[in-house]
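Counting with my numbering, you get residues 178 to 321 for the letters of the sequence shown.
Structure first, then comments.
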Amino acid sequence: SLKELVMIDNQIGDEGVLSVCEGLKCNKTLTTLNIWNCGLSVKGASCLGELLKVNNSLKELEMSNNQIGDEGILSVCEGLQCNKTLTELHIWNCGISVNGASCLGELLKVNNSLKELDMWENQIGDEGVLSVCEGLHCNKTLTT
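This is the structure:
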């Protein structure tokens with residue numbers, strides 16, 4: 178049974194991610210989804226957020242180098258508020274700014290499963306850093 182799906186540098190876009198998410202809603206074996214640089218935008222991130230609400234096997238989500246922006250990370254954060262299995266989230270260079278960082282900070286206050294959050298190359302500024310730090314102050318699981 179499939180445990181890892183790697184689609185690096187495949188320009189599947191939002192429509193491709195929508196198809197992947199539909200298939201993964203019922204999947205019980207996939208633990209890693211790598212969609213690095215696949216041409217996702219807010220719409221694709223929204224699909225992933227919905228997937229995270231119902232999927233309980235995914236442990237690692239690599240979605241770096243996709244321009245999902247603040248609205249996209251908001252959808253992912255909403256999904257992660259329900260999700261109890263994802264331990265790694267990679268979102269570097271995703272067009273996230275201070276508003277997205279604020280959302281991530283709030284998520285870190287309540288999420289008990291994330292152990293690794295990779296978000297470099299986003300322009301979150303000092304205010305965004307403070308928001309994430311506030312979340313880290315409450316978080317007991319994040320190690321990297």
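Don't be surprised by glycine CBs; every beta carbon is placed ideally from N, CA and C.
- Within the DSSP secondary-structure output, residue 288 pairs in no beta bridge.
- According to the DSSP assignment, residue 295 belongs to the beta strand (DSSP E) that extends over 293-295.
- Just so you know, the alpha carbons of residue 307 and residue 178 end up roughly 42 Å apart.
- Judged by DSSP secondary structure, residue 257 falls within the alpha helix (DSSP H) whose first and last residues are 246-259.
- Residues 267, 269 of the same chain have their beta carbon placed closer than 6 Å to that of residue 295, with the five preceding and five following residues left out of the count.
- Every beta strand (DSSP E) stretch that sits fully inside the segment 206-238 and reaches 3 residues is listed by chain position as 209-211.
- Among the bridge pairs identified by DSSP, residue 267 is matched with 239, 295.
- Bridge pairing for residue 183: 211 [DSSP].
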